[in-house]
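S.K.: Handing you this structure, nothing more for now.
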């Protein structure tokens, strides 16, 4: 049986590699400049060469905390992974309104805007539970606001639940 080789790995740099290259180049440049300077300029370079990477690291970890998917190139997601699905999985959906908006955008060619509860609902296929008391209409009636700010756990959607769209009234 002939073997298939995958070939050499791609050399396309991802954002993490670019960030490390930038920081390494900046640190070497600042080190050379500090060694050739004297007096207050040398002190300024020394302070900057310490403060700059700390600031970049703080920004890096803030991005990593909020949007970890932006630090990977599309090829890093693997052959079978869909980038959109990966981003949706990595993005925290702590609020009902955000989840319903995401589902609506997937259904937008089949349902009217703001039609949750009237045209379609979410159903937990494992627990056979339909989630009716949530969404924009619920938020308007009970809270007087446009977006449902409640957490998914508050309305009973547990982590790992398999939600499916069902047509309302069926």
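Residue numbers (this note's numbering): 1 to 170. Note that the Cβ used here is the ideal one computed from N, Cα and C, for glycine as well.
For residue 130, list the residues DSSP reports as bridge partners.
M.R.: In the chain shown, counting from the first residue as 1, residue 130 sits at position 130. According to DSSP, residue 130 bridges with 123.
S.K.: Rounded to whole angstroms, what is the Cα-Cα separation between residue 121 and residue 61?
M.R.: The residue you call residue 121 lines up with position 121 of the chain shown. The residue you call residue 61 lines up with position 61 of the chain shown. If I take the Cα positions, the gap works out to 37 Å.
S.K.: On a CA-only basis, which of 48, 64, 126 and 133 is nearest residue 161? Give me that one, please.
M.R.: Here the question's residue 161 lines up with position 161 in the chain shown. Checked all of 48, 64, 126 and 133; the closest Cα to residue 161 is 126.
S.K.: Are the beta-carbon atoms belonging to residue 16 and residue 71 less than 8 Å from one another?
M.R.: Mapped onto the chain shown, residue 16 falls at position 16. Mapped onto the chain shown, residue 71 falls at position 71. In this structure, residue 71 lies closer than 8 Å to residue 16 by Cβ.
S.K.: Helix, strand or coil, according to DSSP, for residue 116 in the structure here?
M.R.: Here residue 116 refers to the residue found at position 116 of the chain shown. Three-state DSSP puts residue 116 in a strand.
S.K.: Is it right to say residue 47 is buried, meaning 16 or more other beta carbons lie within 10 angstroms of its own, or is it exposed?
M.R.: To locate residue 47, count along the chain shown from 1; it is residue 47. Counting Cβ neighbours within 10 Å, residue 47 comes out exposed, since fewer than 16 surround it.
S.K.: Round the Cβ separation of residue 58 and residue 118 to the nearest angstrom and send it over; I've been treating them as touching at under 8 Å.
M.R.: The residue given as residue 58 occupies position 58 in the chain shown. The residue given as residue 118 occupies position 118 in the chain shown. So it is not a contact: roughly 46 Å between Cβ atoms.
S.K.: Cα separation between residue 155 and residue 54?
M.R.: By one-based count along the chain shown, residue 155 stands at place 155. By one-based count along the chain shown, residue 54 stands at place 54. Each residue's alpha carbon lies about 41 Å from the other.
S.K.: Look at the alpha carbon of residue 146 and the alpha carbon of residue 114, and state the distance between them as a whole number of angstroms.
M.R.: If you number the chain shown from 1, residue 146 lands on position 146. If you number the chain shown from 1, residue 114 lands on position 114. Rounded to the nearest angstrom, the two C-alpha atoms are 10 Å apart.
S.K.: Would residue 149 and residue 97 qualify as a contact pair, given that the criterion is a beta-carbon distance under 8 Å?
M.R.: Numbered from its first residue, the chain shown carries residue 149 at position 149. Numbered from its first residue, the chain shown carries residue 97 at position 97. For residue 149 and residue 97, yes; Cβs fall inside 8 Å.
S.K.: Taking DSSP as the reference, what is the three-state secondary structure of residue 171?
M.R.: Any question about residue 171 goes unanswered here, given that the chain covers just 1 to 170.
S.K.: Grab the span of the alpha helix (DSSP H) containing residue 62 for me, first residue to last.
M.R.: For the purposes of this step, residue 62 is taken as the residue at position 62 of the chain shown. 40–66 is the extent of the alpha helix (DSSP H) around residue 62.
S.K.: Between residue 136 and residue 116, how many whole angstroms is the CB-CB distance? I'm expecting something under 8 Å.
M.R.: As a position in the chain shown, residue 136 is number 136, starting the count at 1. As a position in the chain shown, residue 116 is number 116, starting the count at 1. Right, the Cβ-Cβ distance comes to about 7 Å (below 8 Å), so this counts as a contact.
S.K.: Using alpha carbons as the reference points, say which of 63, 40, 166 and 142 lies closest to residue 110.
M.R.: In the chain shown, counting from the first residue as 1, residue 110 sits at position 110. Nearest option by C-alpha distance: 166.
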